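All remarks here apply to the structure that follows.
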Amino acid sequence: MSTTNFACPIVGLYSEALKSSNAELTANPEIDYMNPVMPIFDPKAMEARLHEELGDKFDISKSQIKAALAKAYAAQDEYRRDVRLKGEETLEMIEREGLHGIVLSGRPYHVDPEINHGIPELIQGYGYPVLSEDSISHLSESEKPLRIVNQWNYHKRLYRAANLVAKRDDLDIVQLVSFGCGLDAVTTDQVEETLKRHGKVYTQVKIDEINNLGAVRIRMRSLFSAIRERQNIGITSQQMSEPPVRVEYTK
Numbered sequence: 001m002s003t004t005n006f007a008c009p010i011v012g013l014y015s016e017a018l019k020s021s022n023a024e025l026t027a028n029p030e031i032d033y034m035n036p037v038m039p040i041f042d043p044k045a046m047e048a049r050l051h052e053e054l055g056d057k058f059d060i061s062k063s064q065i066k067a068a069l070a071k072a073y074a075a076q077d078e079y080r081r082d083v084r085l086k087g088e089e090t091l092e093m094i095e096r097e098g099l100h101g102i103v104l105s106g107r108p109y110h111v112d113p114e115i116n117h118g119i120p121e122l123i124q125g126y127g128y129p130v131l132s133e134d135s136i137s138h139l140s141e142s143e144k145p146l147r148i149v150n151q152w153n154y155h156k157r158l159y160r161a162a163n164l165v166a167k168r169d170d171l172d173i174v175q176l177v178s179f180g181c182g183l184d185a186v187t188t189d190q191v192e193e194t195l196k197r198h199g200k201v202y203t204q205v206k207i208d209e210i211n212n213l214g215a216v217r218i219r220m221r222s223l224f225s226a227i228r229e230r231q232n233i234g235i236t237s238q239q240m241s242e243p244p245v246r247v248e249y250t251k
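Residues 1 to 251 (full-length UniProt numbering) are what the sequence shown spells out, left to right.
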């Protein structure tokens with residue numbers, strides 16, 4: 001059985017859920033609710049689908065769509081380069097100044113200040129540089145073998161970042177999770193296993209349970225205390241066990 005075709009029901013069907021739960025979207029003739037499936041990772045297919053959905057309706061030519069897509073993909077590539085460059089610069093600063101960095105990992109929507117409740121600023125306030133997992137994930141490969149199916153891009157970069165953190169003494173990771181995401185139940189276990197195999201501390205913050213920063217502040221202080229204690233004792237990161245052999249279900 002292929003392991004590259006599992007779909008997230010939230011990502012795949014959220015637009016359908018919105019349409020079903022809001023009668024105004026279908027009852028109001030002035031609203032043209034469009035929610036086509038778009039293959040954004042295949043530029044050629046994306047170009048064809050956009051023209052199919054928007055061409056006749058908005059009088060947009062294939063050449064216009066092609067030009068717009070070229071600029072869009074170029075902007076996305078430039079953004080990713082900027083993020084990775086900033087991650088590398090931050091790592092260099094950490095090494096140069098003898099600092100300890102915190103990789104704040106999560107999903108793209110966790111970047112929104114209204115969702116993360118200012119946790120990045122809170123960590124920085126204690127003197128710890130903050131990096132996102134996608135700013136450093138290109139510097140490492142995932143631990144192999146992984147015990148889980150590794151097909152989603154956000155998960156892949158999370159596992160690569162966790163493997164990098166596990167091998168460095170100047171980094172630790174804090175994973176932001178949402179209980180509404182069933183896949184986070186898988187990622188948290190895998191990240192924790194990767195870190196613990198190298199004697200590192202795993203810290204998780206459940207975004208959905210935060211009413212104020214008091215509880216988060218306590219969690220962060222506990223992590224920082226553990227980091228200082230490890231530094232004072234002289235504990236360094238080292239692989240303590242091999243990844244377990246993955247047993248695939250075939251029935």
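Using N, Cα and C, we set each Cβ at its ideal position, and we do this for glycine too. In this text, all values refer to a predicted model and were calculated from it rather than measured experimentally.
Residues that DSSP places opposite residue i in a beta bridge
i	result
Gln204	Gln175
Val103	Leu131, Ile173
Helix, strand or coil at residue i according to DSSP, with G and I counted as helix
i	result
His138	helix
Thr26	helix
Ile31	coil
Pro145	coil
Asn212	coil
Asp56	helix
Gln238	coil
Gly12	helix
Met1	No answer about Met1 holds up, because its pLDDT of 46 lies below 50 and its placement is not dependable.
Asn150	coil
Residue i burial status per 10 Å Cβ neighbour count (16 or more: buried)
i	result
Arg80	exposed
Pro113	exposed
Met1	Confidence at Met1 is low in this model, with a pLDDT of 46, below 50, so the placement of that residue is unreliable and no value is reported for it.
Asn232	exposed
Val174	buried
Gln76	exposed
Leu120	What sits at residue 120 in the sequence shown is Pro, not Leu. With 16 or more Cβ atoms within 10 Å of its Cβ, Pro120 is classed as buried.
Gly125	exposed
Ala23	exposed
Met220	buried
Thr236	exposed
Thr26	exposed
Ser241	exposed
Asp59	exposed
Arg168	buried
Contacts around residue i, its chain only, beta-carbon distance under 6 Å, and the 5 residues preceding and following it disregarded
i	result
Gly106	Leu176
Leu50	Ile65
Thr90	Pro129, Leu131
Leu223	Thr203
Asp36	Per the sequence shown, residue 36 should be read as Pro rather than Asp. Closer than 6 Å at Cβ, skipping near neighbours: Glu53.
Cut-off 7 Å between Cβ atoms - residues of its own chain near residue i, not counting five sequence neighbours on either side
i	result
Gln238	His198, Gly199
Lys156	Ser142, Asn150
Lys196	Tyr202
Met38	Met46, Arg49
Ile227	His100, Asp172
The alpha helix (DSSP H) enclosing residue i, as first and last residue numbers
i	result
Leu122	119-125
residue 253	There is no way to answer for residue 253, as the model of the chain reaches only from 1 to 251.
Asp186	The sequence given here places Val at residue 186; Asp does not occur at that position. From DSSP, the alpha helix (DSSP H) with Val186 extends over 184-196.
Val37	Segment: none, Val37 is in no alpha helix (DSSP H) and carries neither H nor E.
Tyr109	Looking at the DSSP string, Tyr109 is not in any alpha helix (DSSP H), and its letter there is neither H nor E.
Arg157	153-167
Pro43	43-50
Nonlocal neighbours in the same chain, by C-beta distance under 8 Å from residue i, ignoring five residues either side
i	result
Gly214	none
Gly118	Leu213
Tyr163	The sequence given here places Asn at residue 163; Tyr does not occur at that position. Answer for Asn163: Ser140, Glu141, Ser142, Glu143, Thr194, listed in chain order.
Ala72	none
Leu146	Tyr159, Gln190, Pro243, Arg246
Pro43	Leu69, Tyr73
Gly127	Leu99
Ile94	His100, Gly101, Pro129, Asp170, Leu171
Glu16	Asn35
is_contact[residue i, chain C] using C-beta, thresh 9 Å
i	result
Asp42	Of the protein chains in this structure there is only one, and it is not chain C.
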